[in-house]
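Take the sequence shown: its position 34, counted from the start at 1, is 34 in UniProt numbering, and no numbers get skipped.
Idealized CB from N, CA, C, for every residue including glycine.
None of the values given here were measured: they were computed from a predicted structure.
First the structure, in the form of structure tokens, and then the observations on it.
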Amino acid sequence: MSSTPRYRAIADDLTGKIRSGHYRAGEALPAQRELSASYGVTMMTLRQALQVLSGEGLIVQRAGRGTYVTPASAEYPLDTLRSLGDDLRRQGHPLRTEVLSVAVRRAPRSLTRLLGDAPAGHRALRLVRVRHLLGRPAVHQISWIAEPHASAVKGTDFTETPLYTALADAGARVHRATERVRPALLTAPVAALLRRPAGGPVFVSERATYDDQGALVVLDHATILGELLEIRAERKATDLSLHWVSQP
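Below you can see the structure in the form of structure tokens.
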């Protein structure tokens with residue numbers, strides 16, 4: 001008799017069906033009651049199996065809509081004020097945030113230049129993260145948070161709470177942002193953190209976010225793996241929409 005737990009055997013079977021294309025990317029799985037009946041197990045056992053698949057990034061579960069095979073691509077609209085993490089979560093993509101450091105530091109020149117009248121030695125909160133998409137490190141991000149918001153969010157657990165959520169809770173009213181995206185090559189320090197060889201293609205995003213009074217809230221610098229994400233544009237008669245799209 002096999003010693004493999006029943007939920008694990010079901011997870012392995014569903015994994016095989018997903019990888020073979022029996023269930024295709026973006027497609028809904030059969031209803032949980034139908035799956036539990038077909039495997040001859042309780043709903044609890046089936047849900048254990050689905051938790052395994054969810055943890056491995058193979059499926060996404062959408063409240064009130066069902067369970068879906070993870071889509072092959074993920075889009076990040078650049079024409080909104082939401083962050084990259086927020087947009088991916090809204091689409092149901094498994095996203096994990098690894099916090100490398102949170103510390104008050106002397107603000108870099110790029111930040112003080114935007115602050116305008118900042119005194120010499122101005123300090124700000126420096127937040128460094130690696131964003132894991134579908135189980136793979138995809139983005140290295142350095143965020144500088146200006147005062148008074150820096151002090152308000154300094155104690156936040158950013159592995160669980162998105163930065164923009166913490167800022168909103170602290171009273172920040174994000175009103176506009178400017179963003180520049182340019183191609184670059186992966187530097188050695190960031191390459192080690194993203195587990196890729198140095199010199200590979202990346203996008204570098206530099207984004208400044210302001211509140212409704214025109215004060216700088218956050219300055220972001222993100223290195224985004226070019227082999228995992230691309231930019232797509234959708235042109236319409238009235239506007240231009242740009243998106244990040246991940247490559248499986």
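- V217 sits close to H149, with the two beta carbons spaced by under 8 Å.
- Apart from sequence neighbours up to five positions away, the residues of its chain that approach R129 with a beta-carbon distance below 7 Å are T97, E98, V99, L100, Q141 and F158, ordered along the chain.
- Here A124 is bridged, per DSSP, to R105.
- Rounded to the nearest whole angstrom, the C-alpha separation of A188 and A28 is 41 Å.
- Taking a cut-off of 8 Å for Cβ pairs, the stretch 175 to 185 and the stretch 197 to 208 touch, as three or more such pairs fall below it.
- Proximity to L111 across A124, A103, A49 and T67 peaks at A124, based on C-alpha coordinates.
- The beta carbons of L95 and L53 sit no closer together than 8 Å.
- A direct Cα-Cα distance of roughly 14 Å separates T165 from H175.
- With a 10 Å radius around the Cβ and a threshold of 16 neighbouring Cβ atoms, R126 comes out buried.
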